[in-house]
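**Student:** Dumping the structure here so I can ask a few things about it.
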Amino acid sequence: MKERPIIFSGPMVRALLAGTKTQTRRAMKLQPYSNGFHFNGHDIACHTDYLPPSAMLLDVYRRGMHLYTTSDIEGWEAECPYGVTGQRLWVRETWMDLGCVRIERQTGDLSRYAYAADTPPGSYGDECRKDYGLKWRPSIHMPRAASRITLEVRGVRVERLQDISAEDALAEGIEHSTMNDPRVEYRWLWEQINGACSWDANPWVWVVQFNRAE
């Protein structure tokens, strides 16, 4: 089974571990240059905003979501970098190789790795790390062997960022207060990760739904 890496921030890793995050949105690197497009086929969302004169889906099972439109001479296509239903993603997060196996206090499991998501700044574990001169390593450099979370893709679709529903915002793992609209709280999260005004840009995004793999 094909597996792909995917990076999550500390708060999102904690949401994954808590089981409150079952979706992620990632901006498409190649943005449509018209008002939109229309999908038909397996494992997709359909939009009423067409990119004329036609668009179609190819190689869904082999390559993932793959769109092209005949409005161009050579066509326009976008392949989902997160796979299709049934494939797996392994999570990259900020980490540390301790160089030796240790026993986890809470679970009793043996591990040679530590994770920043479990060690908030100023905590006892963080102070011990500083005392021993240990440094966190960027998530992008995490090898597969150090990953502790594997996700199974349950669905992939494409939509505008601001089309997110309140239900989907909660599925993104936000820390929700009943006083606020979940969509507003998700906007804060999105801009924290992607920068100021990134919400206003309203990009097309890949929406990936998943479960924790056993």
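So the sequence shown is numbered by the numbering used here: it starts at 1346 and just counts up by one. For each residue, glycine too, the CB sits at the ideal point set by N, CA and C.
#1: Count the other CB atoms, across all protein chains shown, that sit within 10 Å of the CB of Pro1488; report buried if there are 16 or more and exposed otherwise.
#2: Where does Ser1543 sit, in a helix, a strand or coil, going by DSSP?
#3: Straight-line CA distance for Asp1442 to Val1550?
#4: Does the separation of the CB atoms of Leu1506 and Arg1371 fall below 8 Å?
#5: Check whether the Cβ atoms of Ile1352 and Arg1457 lie closer than 8 Å to each other.
#6: Thr1430 and Val1498 - do their beta-carbons sit closer together than 8 Å?
#7: Which two residues bound the contiguous beta strand (DSSP E) that contains Val1501?
#8: Going by beta-carbon coordinates alone, are Ala1461 and Thr1495 separated by less than 8 Å?
#9: Let's see if you can read the secondary structure: which residues bound the beta strand (DSSP E) around Pro1350?
#10: Near Met1373, which residues of its chain fall below 8 Å by C-beta distance, leaving aside the five closest residues on each side in sequence?
#11: Quick one: grab the DSSP three-state call for Lys1374.
#12: Would you identify the three-state DSSP class for Lys1480, choosing helix, strand or coil?
**Tutor:** Straight from the coordinates:
#1: So Pro1488 counts as exposed.
#2: coil
#3: 33 Å
#4: no
#5: no
#6: Thr1430 sits close to Val1498, with the two beta carbons spaced by under 8 Å.
#7: 1495-1505
#8: no
#9: 1348-1352
#10: Ala1423, Val1503, Pro1548, Trp1549, Val1550, Trp1551
#11: coil
#12: coil
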